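Visitor: Read top to bottom, the protein sequences are chains U and V. For the first sequence, counting from 1, position 125 maps to 125 in this note's numbering; every step adds exactly one. One rule links them: number in this note's numbering = place in the second sequence (from 1) + 182.
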Amino acid sequence: MHDGRFDPSGFYEFNLTGGTVRTRAGERVVMLSEGVLSALVEAAARDGDLTPLRRLGELLGEQVLSGLDRPASVLSAEAVLGHTSAVTALFGWGRLAFERWGPALVIALRDKPELDEDELGAAALLGGMFSEISQRQVSCVPTGDSKFIMVDFEVAETVWGWYKDGADLPAIVGMLESKRAS
Amino acid sequence: MSNREDRLRSLLDKVRAKRPEERTTHAADALERMRTASGTTAAAVAPSSPPLPPAAQPTPVPSAFPTQAVPQSFSEPQTSQRLESPTRYSSQPPRVERPLSVEPRTPSVRPISATPSVPSPSPSPAPTTRRPESIRPQSVAPTGQPVVYATDPPEFPRPKTFGDLLELTLSLRPR
């Protein structure tokens, strides 16, 4: 059984001669201030193209997978959460937690950078990350209070419409049912 | 103002009175030369160039993209300090024996909190007189606490793995 621990030591390698910063997986990263990132994400959300944020999430997901000795689907939720929250924190994206609301898995991302008002940037990032971790196309839809409900990408737009119409998280969960159980 | 300048100015006024459309005269030239040479004429009275019509006004340049440096006047520093030598920058980075690494503390893993979508009565200690009739516990009772057995199975079985949790949430569809 995987112990769920994540070793953050030596995660970043600073090469001052070359002027680069890389993760231990070899991915080159660039430090950005929150204000600069916020402006970029705001513009991307306005244009309706958050693909770069989703791609960044996929890269974080790859970092998570590289620390797992087995596929995430066979690990306990606590073990996956331990690695995912550690990688999220190391990249400065806040504190990540899992919540179960009935049958729904909800991702809470506290203390995240303040990006766009609708939290679509964080939603794209989480969607990319958990798609990579689970090896399936998933969507994380904002439901307010820094919480994102994880659903199949086919129903994501419907759920987003409910939230925009004023439904809160309990109401959204109440409007969903598991097709597997029925 | 000198007498010669006064005479030239009155002569210019006379000429202008006779031919208002004629603005350039020898007297005007002479007056201009005198003004330039001596600086005695008040330049502030007559602006050197008339204001541009609105169509000729320069287009404002966005502040983010300045095309030319904005002229600024810098006053001399009040202090008497002077730099003895400029700050020199070197492209040679400081010598580092080993790569820097970020070593935060190992983050604590938050337990998964399960909140039921349908409100249900919270499990309470079993009374000594009779057993509860129907209780649906939504969470595992902590060790050491009295375990309450449910007569009905819980509505949502606790997923054993992350894959189970994923399957459950991805199976959700609108009612």
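Ideal placement from N, C-alpha and C gives every residue a C-beta, glycine not left out. Values in this document were obtained by computation on a predicted structure and should not be read as measured data.
1. Just the C-alpha distance for residue 50 (chain U) and residue 15 (chain U), rounded to the nearest angstrom, thanks.
2. Against residue 158 (chain U), what residues of chain V qualify as contacts under a CB-to-CB distance less than 7 angstroms, listed in chain order?
3. Let me know the secondary structure DSSP gives residue 20 (chain U) once reduced to three states.
4. Output the distance between the C-alpha atoms of residue 101 (chain U) and residue 20 (chain U), rounded to the nearest integer angstrom.
5. With a cut-off of 8 angstroms, does the C-beta of residue 348 (chain V) fall near any C-beta of chain U?
6. Closest to residue 99 (chain U) by CA distance: which of U:170, U:18 and U:27 is it?
7. Going by C-alpha to C-alpha distance, which of U:35, U:12 and U:39 sits closest to residue 29 (chain U)?
8. Any Cβ of chain V within less than 8 angstroms of the Cβ of residue 183 (chain U)?
9. Compute the Euclidean distance between the alpha carbons of residue 77 (chain U) and residue 166 (chain U), then round it to the nearest angstrom.
10. Below 8 angstroms, how does it come out for the stretch 56-67 of chain U and the stretch 131-143 of chain U: are there three or more Cβ pairs, yes or no?
11. Expressed to the nearest angstrom, what Euclidean distance is found between the alpha-carbon atoms of residue 48 (chain U) and residue 168 (chain U)?
12. Looking at the structure shown, is residue 97 (chain U) part of a helix, part of a strand, or coil, going by DSSP?
13. Could you list which residues in chain V have their beta carbon closer than 8 angstroms to that of residue 62 (chain U), in chain order?
14. Assuming contact is defined by CB atoms lying nearer than 8 angstroms, are residue 44 (chain U) and residue 52 (chain U) in contact in what I supplied?
15. What is the residue span of the beta strand (DSSP E) that residue 8 (chain U) lies within?
16. Closest to residue 41 (chain U) by CA distance: which of U:126, U:86 and U:117 is it?
17. DSSP state of residue 14 (chain U), grouped into three classes?
18. Within its chain, find whatever has a CB closer than 6 angstroms to the CB of residue 87 (chain U); leave out the 5 residues flanking it on each side and keep chain order.
19. May I ask you to report which of helix, strand or coil DSSP gives residue 218 (chain U)?
20. Indicate whether at least one CB of chain V lies closer than 8 angstroms to the CB of residue 32 (chain U).
21. Throw me the rounded Cβ distance for the residue 155 (chain U) and residue 354 (chain V) pair, which I believe falls under 8 angstroms.
22. Leaving out five residues on either side along the sequence, give the residues of the same chain with a beta carbon under 8 angstroms from the beta carbon of residue 24 (chain U).
23. Do residue 109 (chain U) and residue 122 (chain U) have their CB atoms nearer than 8 angstroms?
24. Based on the DSSP secondary-structure assignment, which residues constitute the bridge partners of residue 147 (chain U)?
25. If you measure between the beta carbons of residue 125 (chain U) and residue 57 (chain U), is that distance less than 8 angstroms?
26. I'd like to know whether the C-beta of residue 36 (chain U) is nearer than 8 angstroms to at least one C-beta of chain V.
27. Are residue 347 (chain V) and residue 138 (chain U) touching if we call contact CB-CB under 8 angstroms?
28. With a threshold of 16 other CB atoms inside 10 Å of the CB of residue 129 (chain U), please say whether the residue is buried or exposed.
29. Count the other C-beta atoms from every protein chain shown that fall within 10 angstroms of the C-beta of residue 55 (chain U), then say buried if there are 16 or more, exposed otherwise.
30. Taking the C-alpha atoms as reference points, what is the distance between residue 26 (chain U) and residue 33 (chain U)?
Guide: According to the structure shown:
1. Here the question's residue 50 (chain U) lines up with position 50 in the first sequence. Here the question's residue 15 (chain U) lines up with position 15 in the first sequence. Straight-line spacing of the CA atoms in residue 50 (chain U) and residue 15 (chain U) works out to 30 angstroms.
2. What you label residue 158 (chain U) is simply residue 158 of the first sequence in a count that begins at 1. Within 7 angstroms Cβ-Cβ: 356.
3. By one-based count along the first sequence, residue 20 (chain U) stands at place 20. Strand, per DSSP.
4. For the purposes of this step, residue 101 (chain U) is identified with residue 101 of the first sequence, where counting begins at 1. For the purposes of this step, residue 20 (chain U) is identified with residue 20 of the first sequence, where counting begins at 1. Looking at the two C-alpha atoms, the distance is approximately 42 angstroms.
5. Taking the first residue of the second sequence as position 1, residue 348 (chain V) is located at position 166. Judged by the 8 angstroms Cβ criterion, residue 348 (chain V) is in contact with chain U.
6. Start at 1 with the first residue of the first sequence, and residue 99 (chain U) comes out as number 99. The shortest C-alpha separation from residue 99 (chain U) is found at U:170.
7. Sequence index remark: in the first sequence, residue 29 (chain U) carries index 29 (1-based). If we check each option's Cα against that of residue 29 (chain U), U:12 comes out closest.
8. It is not possible to answer for residue 183 (chain U), since the shown part of chain U is limited to 1 through 182.
9. Your numbering for residue 77 (chain U) matches position 77 in the first sequence. Your numbering for residue 166 (chain U) matches position 166 in the first sequence. Near 30 angstroms, if we compare the C-alpha coordinates of residue 166 (chain U) and residue 77 (chain U).
10. yes
11. Residue mapping note: residue 48 (chain U) aligns to position 48 of the first sequence, counting from 1. Residue mapping note: residue 168 (chain U) aligns to position 168 of the first sequence, counting from 1. Rounded to the nearest angstrom, the gap between the Cα atoms of residue 48 (chain U) and residue 168 (chain U) is 24 angstroms.
12. Locating residue 97 (chain U) in the first sequence gives position 97, where the first residue counts as 1. Three-state result, residue 97 (chain U): strand.
13. Position 62 of the first sequence, counted from the first residue, corresponds to residue 62 (chain U). The contacting residues do not exist; residue 62 (chain U) stays about 17 angstroms from chain V at best.
14. Taking the first sequence and counting its residues from 1, the one referred to as residue 44 (chain U) is at position 44. Taking the first sequence and counting its residues from 1, the one referred to as residue 52 (chain U) is at position 52. Yes, Cβ-Cβ distance for residue 44 (chain U) and residue 52 (chain U) is below 8 angstroms.
15. Mapped onto the first sequence, residue 8 (chain U) falls at position 8. Segment: none, residue 8 (chain U) is in no beta strand (DSSP E) and carries neither H nor E.
16. Along the first sequence, one-based indexing puts residue 41 (chain U) at 41. For the residues U:126, U:86 and U:117, the minimum Cα distance to residue 41 (chain U) belongs to U:117.
17. Residue 14 (chain U) sits at position 14 when you count from the first residue of the first sequence. If DSSP states are grouped into helix, strand and coil, residue 14 (chain U) belongs with the strands.
18. To locate residue 87 (chain U), count along the first sequence from 1; it is residue 87. Excluding positions up to five away in sequence, the list reads 60, 63 and 64.
19. Any answer about residue 218 (chain U) is impossible in this case: the structure gives chain U only from 1 up to 182.
20. Taking the first sequence and counting its residues from 1, the one referred to as residue 32 (chain U) is at position 32. Taking Cβ atoms only, chain V never reaches closer than 8 angstroms to residue 32 (chain U), which makes this a no.
21. In the first sequence, the residue the question calls residue 155 (chain U) occupies position 155. In the second sequence, the residue the question calls residue 354 (chain V) occupies position 172. Indeed they touch by this definition, with Cβ atoms about 7 angstroms apart.
22. Counted from its first residue, the first sequence places residue 24 (chain U) at position 24. If you ignore the 5 residues before and after residue 24 (chain U), its C-beta comes within less than 8 angstroms of the C-beta of 10, 11, 12 and 13, all in its own chain and listed in chain order.
23. Counting from one through the first sequence, the residue named residue 109 (chain U) turns up at place 109. Counting from one through the first sequence, the residue named residue 122 (chain U) turns up at place 122. Cβ atoms of residue 109 (chain U) and residue 122 (chain U): closer than 8 angstroms.
24. On the first sequence, position 147 is the one that residue 147 (chain U) refers to. U:108.
25. Your numbering for residue 125 (chain U) matches position 125 in the first sequence. Your numbering for residue 57 (chain U) matches position 57 in the first sequence. Result yes, Cβ atoms of residue 125 (chain U) and residue 57 (chain U) sit closer than 8 angstroms.
26. Indexing the first sequence from 1 puts residue 36 (chain U) at position 36. Answer no: the Cβ-Cβ gap between residue 36 (chain U) and chain V never drops below 8 angstroms.
27. Numbered from 1 along the second sequence, position 165 holds the residue referred to as residue 347 (chain V). Numbered from 1 along the first sequence, position 138 holds the residue referred to as residue 138 (chain U). No, they are not a contact pair.
28. For the purposes of this step, residue 129 (chain U) is taken as residue 129 along the first sequence, with counting starting at 1. So residue 129 (chain U) counts as buried.
29. For the purposes of this step, residue 55 (chain U) is taken as the residue at position 55 of the first sequence. Classification of residue 55 (chain U): exposed, given that the 10 Å Cβ count is below 16.
30. For this step, residue 26 (chain U) is matched to residue 26 along the first sequence. For this step, residue 33 (chain U) is matched to residue 33 along the first sequence. So the two alpha carbons sit approximately 22 angstroms from each other.
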